[in-house]
Amino acid sequence: MTRQPLSVAVVGATGVVGRTMIQVLTEREFPLRELRLLASGRSAGRTVSVDGRTLEVGEAVPEAFEGVDIALFSAGASVSEVLAPAAADRGATVIDNSSAWRMTESVPLVVSQVNPDDAEAHDGIIANPNCSTMQLVPVLMALRDTVGIERVVVDTYQSVSGTGAEAIAELEGQVRGHVTGDEAPASVYPHPIAFNAVPEIDVFLPNGYTKEEWKLVLESRKILHLPDLRISATAVRIPVFVSHSEAVHVETRRPIGPDEARDLFARVPGVIVRDDPAAHIYPLATEAAGRDEVFVGRVRRDESIDGGRGLAFWVVSDNLRKGAATNAVEIAELLIERGWVRRASTRTGAATAGVA
Ligand SMILES: NC(=O)c1ccc[n+]([C@@H]2O[C@H](COP(=O)([O-])OP(=O)(O)OC[C@H]3O[C@@H](n4cnc5c(N)ncnc54)[C@H](OP(=O)(O)O)[C@@H]3O)[C@@H](O)[C@H]2O)c1
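Residue numbers (my numbering): 570 to 925.
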């Protein structure tokens, strides 16, 4: 990668994803000329320690994006709806973690190892998928490209960090309250999340699915370029702090056995197969937390499908890292590598450090 440093803004820098973004940028030695930390007016003036330096948080207003090359947004959809176009108008390329732009046709929705080429045509905004979609599509890609996919059924077991900082505090409070006998009420979720499993993530839609489930359906189709993919999901919030887990059932077009599937999955960049049930080895939320990879295991035949065309498996990944921050930074690195930092319409022939 050309290392000409860029000015990068992190919007939502005080949140769980924003803080992880700062950490990932630092770990990967992203070429930074300037790191601009932005959040709501409530946080303006707060300081954050980054790699031994103290940086002040500014308020995310349109003028804050002057001179920014890449803006990583994770401050919710309503903020992105307003500020992402404002940042793009000022010449920044936005990589947005919210749901605001994901299904807009002209906005690429990108998972770095699945559809990187889609980023080329961006017009100032690129969307990062929902965390539950993110960990699923690299594995589905391997099946799409070999035996084909007929139908997918996914049940998710999602951690509270997927909701944000308040939800982490709510689970902590309820666990503590259980021990001390001081009841901690539910406020972020409609029911207590400690010692529970809540099948309601985001709002209910008229078709009975939740919006989280429907995001997984629509986003998977867009990223995999399979607009007619038959896919259904049930999304469940569970009392885990970090990492989402998914039970996945796939009906393939042509037969495939578990051994062949394991080999296929292991060849996908960023996917690790952990599958030795006799030794109690399979992907776990606790082991995936803090890691950038997607972990797959419990690969077996789905015996309910005829002709050897059924597979069942378990997929786990850190929702804050690959599910959000890491993929956003990987997209930024991809833009630099390929000379696509600026929007397609303003790029000239030879790019310098991706800034044409
Ligand atoms: N958590 C995940 O696993 C995950 C995965 C993928 C995508 N996402 C998406 O990432 C976004 C943030 O999630 P999170 O988990 O980091 O939430 P969070 O911990 O609640 O943090 C929210 C962040 O947004 C900022 N913010 C709120 N209102 C704002 C405003 N009006 N203007 C500017 N900044 C504002 C907050 O700043 P203050 O501190 O000043 O309030 C804070 O920095 C959401 O869109 C979420 O859907 C999250």
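Using N, Cα and C, we set each Cβ at its ideal position, and we do this for glycine too.
The model shown is predicted, which means the values in this text are computed figures rather than measured ones.
request  = Name the two residues that bound the continuous beta strand (DSSP E) containing residue 621.
outcome  = If you number the sequence shown from 1, residue 621 lands on position 52. Here residue 621 belongs to no beta strand (DSSP E), and DSSP marks it neither H nor E.
request  = Count the other CB atoms, across all protein chains shown, that sit within 10 Å of the CB of residue 585; report buried if there are 16 or more and exposed otherwise.
outcome  = Working through the sequence shown from its first residue, we reach residue 585 at position 16. Buried, since its Cβ has 16 or more Cβ neighbours within 10 Å.
inquiry  = Quick check on DSSP: helix, strand or coil for residue 743?
reply    = If you number the sequence shown from 1, residue 743 lands on position 174. In the structure shown, residue 743 sits in a helix (DSSP, three-state: H, G or I).
ask   = Under 7 Å between the Cβ atoms of residue 789 and residue 885?
value = Counting from 1 along the sequence shown, the entry for residue 789 is found at position 220. Counting from 1 along the sequence shown, the entry for residue 885 is found at position 316. Cβ atoms of residue 789 and residue 885: not closer than 7 Å.
request  = Would you check whether ligand 1 has a heavy atom nearer than 6 Å to the C-beta of residue 795?
outcome  = On the sequence shown, residue 795 is found 226 positions in, with the first residue counted as 1. No - ligand 1 has no heavy atom lying nearer than 6 Å to the Cβ of residue 795.
task = Specify the secondary structure class of residue 581 as computed by DSSP and reduced to three states.
result = The residue labelled residue 581 in the question sits at position 12 within the sequence shown. Shown here, residue 581 sits in coil according to DSSP, grouped into three states, outside any helix or strand.
task = Given a cut-off of 7 Å, decide if residue 812 and residue 728 are closer than it, judged by their beta-carbon atoms.
result = One-based indexing of the sequence shown puts residue 728 at position 159. One-based indexing of the sequence shown puts residue 812 at position 243. Between residue 728 and residue 812, the CB-CB gap stays under 7 Å.
message = Only counting the same chain, and skipping five residues up and downstream in sequence, which positions put a Cβ closer than 8 Å to that of residue 774?
response = Against the sequence shown, residue 774 aligns to sequence position 205. Contacts found: 780, 783.
query = Does ligand 1 have a heavy atom nearer than 6 Å to the CB of residue 787?
reply = For this step, residue 787 is matched to residue 218 along the sequence shown. Between ligand 1 and residue 787, a heavy atom-to-CB distance of less than 6 Å is absent.
query = If you run the structure through DSSP and keep just helix, strand and coil, what is residue 586?
reply = Locating residue 586 in the sequence shown gives position 17, where the first residue counts as 1. Looking at residue 586 - three-state DSSP - the assignment turns out to be helix.
message = Using CA atoms only, rank isn't needed, just tell me which of 665, 617, 839, 804 is closest to residue 778.
response = By one-based count along the sequence shown, residue 778 stands at place 209. That would be 804, whose Cα lies nearest to the Cα of residue 778.
request  = Keeping to the same chain, check which residues put their C-beta closer than 7 Å to that of residue 855; ignore five residues upstream and five downstream.
outcome  = If you number the sequence shown from 1, residue 855 lands on position 286. Hits under 7 Å: none found.
key: Boundaries of the alpha helix (DSSP H) in which residue 788 is found, first to last residue   = As a first step, residue 788 must be located in the sequence shown, where it is residue number 219. Per DSSP, the continuous alpha helix (DSSP H) segment holding residue 788 begins and ends at 780-793.
query = Less than 7 Å separating the beta-carbons of residue 900 and residue 695?
reply = Within the sequence shown, residue 900 is the residue found at index 331, counting from 1. Within the sequence shown, residue 695 is the residue found at index 126, counting from 1. Yes, Cβ-Cβ distance for residue 900 and residue 695 is below 7 Å.
task = Compute the Euclidean distance between the alpha carbons of residue 755 and residue 810, then round it to the nearest angstrom.
result = For the purposes of this step, residue 755 is taken as the residue at position 186 of the sequence shown. For the purposes of this step, residue 810 is taken as the residue at position 241 of the sequence shown. One C-alpha to the other measures close to 16 Å.
query = Alpha carbon to alpha carbon, how far is residue 592 from residue 577?
reply = As a working mapping, residue 592 is identified with position 23 in the sequence shown. As a working mapping, residue 577 is identified with position 8 in the sequence shown. Answer to the nearest angstrom: the Cα atoms are 13 Å apart.
ask   = Which value, in whole angstroms, describes the spacing of the CA atoms of residue 802 and residue 581?
value = One-based indexing of the sequence shown puts residue 802 at position 233. One-based indexing of the sequence shown puts residue 581 at position 12. Straight-line Cα distance between these residues: approximately 29 Å.
ask   = Excluding sequence positions up to five away, which residues of its chain have a Cβ less than 6 Å from the Cβ of residue 711?
value = Taking the sequence shown and counting its residues from 1, the one referred to as residue 711 is at position 142. Non-local beta-carbon contacts of residue 711 in its own chain, meaning distances under 6 Å to residues more than five positions away in sequence, involve 833, 834, 837 in chain order.
query = Per DSSP, residue 881 forms a beta bridge with which residues?
reply = Here the question's residue 881 lines up with position 312 in the sequence shown. Per DSSP, 818, 869.
inquiry  = Helix, strand or coil, according to DSSP, for residue 636 in the structure here?
reply    = For the purposes of this step, residue 636 is taken as residue 67 along the sequence shown, with counting starting at 1. Coil, per DSSP.
key: Those residues which DSSP pairs with residue 601 across a bridge   = Indexing the sequence shown from 1 puts residue 601 at position 32. Answer is 575.
task = Taking the CB atoms as reference points, tell me whether residue 881 and residue 818 lie closer together than 7 Å.
result = Here residue 881 refers to the residue found at position 312 of the sequence shown. Here residue 818 refers to the residue found at position 249 of the sequence shown. In terms of Cβ geometry, residue 881 and residue 818 form a close pair [threshold 7 Å].
request  = Count the CB pairs spanning the segment 650-661 and the segment 627-642 that are closer than 8 Å, and state whether there are at least three.
outcome  = Yes, the segment 650-661 is in contact with the segment 627-642.
key: Three-pair Cβ contact test at 8 Å for the segment 709-726 versus the segment 822-829   = The segment 709-726 makes contact with the segment 822-829; the number of CB pairs closer than 8 Å reaches 3 or more.
ask   = By how many angstroms is the C-alpha of residue 632 removed from the C-alpha of residue 603?
value = To locate residue 603, count along the sequence shown from 1; it is residue 34. To locate residue 632, count along the sequence shown from 1; it is residue 63. A straight-line Cα-Cα distance of about 16 Å links residue 603 and residue 632.
key: Close Cβ partners of residue 626 (< 8 Å) along its chain, the five nearest in sequence each way excluded   = As a working note, residue 626 is residue 57 in the sequence shown. Once the five neighbours on either side are set aside, the close Cβ partners of residue 626 are 582, 583, 606, 607, 608, 612, 613, 614, 615, 616, 617.
key: Contacting residues, own chain, Cβ-Cβ under 7 Å from residue 610 (five flanking each side not counted)   = Position 41 of the sequence shown, counting from 1, holds the residue named residue 610. Shown here for residue 610: same chain residues with a beta carbon closer than 7 Å to its own, the five before and five after excluded, namely 628 in chain order.
request  = Work out the CA separation of residue 848 and residue 647 for me, nearest whole Å.
outcome  = Walking along the sequence shown from the start, residue 647 turns up at place 78. Walking along the sequence shown from the start, residue 848 turns up at place 279. Take the alpha-carbon of residue 647 and the one of residue 848: they are about 47 Å apart.
key: Buried/exposed call for residue 752, threshold 16 Cβ in 10 Å   = Sequence index remark: in the sequence shown, residue 752 carries index 183 (1-based). Exposed, by the Cβ-count rule.
query = If you draw a straight line from the C-alpha of residue 914 to the C-alpha of residue 665, how long is it?
reply = As a first step, residue 914 must be located in the sequence shown, where it is residue number 345. As a first step, residue 665 must be located in the sequence shown, where it is residue number 96. Each residue's alpha carbon lies about 20 Å from the other.
inquiry  = Can you confirm whether the segment 740-747 touches the segment 763-771 when touching is taken to mean that 3 or more C-beta pairs between the two stretches lie within less than 8 Å?
reply    = The segment 763-771 is in contact with the segment 740-747.
task = Please classify residue 827: does DSSP put it in a helix, a strand, or coil?
result = Indexing the sequence shown from 1 puts residue 827 at position 258. Looking at residue 827 - three-state DSSP - the assignment turns out to be helix.
Contact check, residue 671 vs residue 799, beta carbons under 7 Å = Walking along the sequence shown from the start, residue 671 turns up at place 102. Walking along the sequence shown from the start, residue 799 turns up at place 230. In this structure, the beta-carbon distance from residue 671 to residue 799 does not fall below 7 Å.
ask   = For residue 860, which of 909, 704, 867 has the nearest alpha-carbon?
value = For the purposes of this step, residue 860 is taken as the residue at position 291 of the sequence shown. For residue 860, the nearest C-alpha among the options comes from 704.
request  = Could you spell out the range, first to last residue, of the beta strand (DSSP E) harbouring residue 804?
outcome  = As a working mapping, residue 804 is identified with position 235 in the sequence shown. Counting along the chain, the beta strand (DSSP E) containing residue 804 begins and ends at 799-806.
task = Below 6 Å CB to CB, which residues in the same chain sit around residue 919 once its five sequence neighbours on both sides are set aside?
result = As a working note, residue 919 is residue 350 in the sequence shown. Because residue 919 sits at a pLDDT of 46, beneath the cut-off of 50, its placement in the model cannot be relied upon, and the following sentence gives the value as read from the coordinates. Within the same chain, residue 919 has no close Cβ partners at all.
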